[in-house]
Amino acid sequence: MDSVHPFLLEDLDIRGVLVQLGPSWAAITGRRNYAVPVRDLLGELAAVTALMGSNLKTPGRLSFQLQGHGPVSMLVMDCNEQLQLRGMAKSELSADAEANVLTVGGLLGDGRLVLTLQPKTAETPYQSVVPIEGNTLAAIFEHYLEQSEQQPARLWLAATADTACGLFLQKLPDADRRDPDGWNRIEQLAATVHPEELALPPETLLTRLFGEEKVRLFAPRQAVWHCPRDEEKVRNMLLSLGREELEAMLADAEVIAIEDEICGHEYRFGAEIVDELFPPDGRLLH
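Terminal number for the sequence shown in my numbering: 468, no gaps in between.
See below:
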C-alpha cells in the first residue's frame with residue numbers, strides 16, 4: 183500500500199496507473215470524524231492527487247480543491263513531487279450521516295474544480311478553474327483530463343476507512359494505429375473491476391483484468407502523509423500582526439488558538455507570547 187504503480191499496455195499504446203493508499207490515507211483521516219460519504223469522497227480525491235502528482239517533473243506542489251454550495255463546501259488535497267500528501271474536507275454533515283445517500287452533486291451542489299500548480303522555481307502559481315461536470319469524482323476528472331490533455335482517459339476510484347485506490351487508463355496517440363479496437367476493448371475490461379479489487383496486489387489485479395494483453399509494470403513510487411507541526415511558521419504569522427493586534431486578541435480571550443485546518447494541528451499561545459515576540463525595552467534602574 184501507499185504506492186503508485188505505472189504500467190503500459192505495450193502492444194496497444196495505452197498507459198495506466200494504479201494508486202493504492204493505506205496508512206497514509208488512514209493518517210489523513212485519523213484526527214477527523216467525517217461522515218462516511220465525505221470521507222470516501224476525500225479518499226477518492228487523495229487517490230487522484232497521488233496519481234496526478236506522480237507526473238510532476240520538477241519540484242513543486244500540486245493542489246486540487248473542489249468547492250461547492252452543498253453540504254460539503256470544500257475538499258482539498260495536495261502533494262509535492264515526493265508524493266507527500268495532505269488534505270481535508272469542510273462539511274456540514276454529521277459523522278453519523280448515512281453512507282451512499284448523496285451523489286457528488288448532492289454533496290457539493292453547483293461547484294467548481296480548482297487546480298493549482300506551484301513550482302518551487304516560480305513565484306506565480308499556475309491555476310485552472312473549471313466547472314464540475316459529472317455525477318462521480320471519476321467522471322469529473324475524466325472530463326478535466328480529456329479537456330486538458332486532449333486524449334481519452336478513464337478512471338475508477340474507491341475509498342473506505344482503510345484504503346483509497348484508483349485505476350487510471352489513458353489512450354496514447356499511436357493507439358488506433360496499433361489496434362483500432364484496442365482502447366474500446368481495454369476500457370470494457372477495466373469497467374468490470376469491482377471497488378474492492380482495486381486494493382489487490384498490482385500483479386493480481388492487472389492479470390485479472392488484462393490477462394490476454396502484454397502489460398509492463400514499472401517500479402512503484404511510494405506515497406506518504408506529510409503534515410508536520412510548524413510552530414515557527416505560526417509564530418511568524420503572529421509577528422506580522424503586530425503587538426497591538428495580539429494584545430487586542432488576548433483581551434477578548436485568555437489564549438490565542440490557531441487551527442491548521444489542512445493538517446489538523448492546533449497551536450495555543452498565552453499572554454507570554456506578546457513579550458516573546460516583542461521583547462519590552464529594558465527597565466531604567468536609576
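C-beta atoms are modelled at their ideal positions from N, C-alpha and C, and glycine is treated no differently.
So, is residue i buried or exposed, given that buried needs 16 or more other C-beta atoms within 10 angstroms?
i      : result
Met234 : buried
Asp260 : buried
Phe400 : exposed
Ser276 : exposed
His376 : exposed
Ser330 : exposed
Gly348 : buried
Pro410 : exposed
Gly452 : exposed
Ile314 : buried
Gln370 : exposed
Gln404 : exposed
Glu226 : buried
Leu319 : buried
Please go through the same chain and pick out, in chain order, the residues whose beta-carbon is closer than 7 Å to the beta-carbon of residue i, but skip the five residues on each side of it.
i      : result
Tyr326 : Leu295 and Val312
Ser310 : Leu297
Ala209 : Trp407
Among the options, whose alpha-carbon lies nearest the alpha-carbon of residue i?
i      : options                           : result
Arg359 : Arg403, Glu426 and Asp195         : Asp195
Arg268 : Arg197, Leu432, Leu200 and Arg243 : Arg243
Thr342 : Pro188, Ile210 and Val218         : Val218
Asp193 : Asp412, Ile440 and Glu395         : Glu395
Val437 : Ile444, Glu448 and Glu443         : Glu448
Glu441 : Ala433, Ala435 and Arg450         : Arg450
Gln332 : Leu354, Leu319 and Ile322         : Leu354
Asp292 : Trp365, Leu423, Pro402 and Met256 : Met256
Glu414 : Met270, Ile455 and Leu265         : Ile455
Met270 : Gln249, Ala321 and Asp278         : Gln249
Gly252 : Phe246, Gly225, Leu289 and Asp278 : Leu289
Ile444 : Asp412, Glu305 and Ala372         : Asp412
Under 8 Å Cβ to Cβ from residue i, same chain only, skipping five residues before and after it: list those, please.
i      : result
Leu459 : Arg417, Leu420, Leu421, Arg425 and Leu428
Glu324 : Gly316, Ala335, Arg336 and Leu337
Phe470 : Outside the displayed span of the chain (183 to 468) sits residue 470, for which this structure offers no information.
Thr240 : Glu263, Pro301, Lys302 and Thr303
Glu378 : Ala340
Are the Cβ atoms of residue i and residue j separated by less than 9 Å?
i      : j      : result
Gln202 : Leu380 : yes
Ser273 : Val220 : yes
Ala232 : Val186 : yes
Leu223 : Val254 : yes
Leu191 : Ser236 : no
Ala373 : Gly364 : no
For residue i, which residues of its own chain have a beta-carbon under 6 Å away from its beta-carbon, when the five flanking residues on both sides are left out?
i      : result
Gln300 : Gly242, Arg243 and Pro307
Gly204 : Met183, Asp184 and Thr345
Asp361 : Leu194
Leu466 : Here the model assigns Leu466 a pLDDT of 48, short of 50, so the residue's position is not dependable, and the following value carries that caveat. Correct list: empty, nothing qualifies.
Any beta carbon of chain D sitting closer than 9 Å to that of residue i?
i      : result
Asn215 : Included in the structure is just one protein chain, with no chain D present.
Could you say if the segment 384–392 and the segment 210–219 meet the contact criterion of at least three C-beta pairs nearer than 8 Å?
Inter-segment contact for the segment 384–392 and the segment 210–219 is absent: fewer than three beta-carbon pairs are separated by less than 8 Å.
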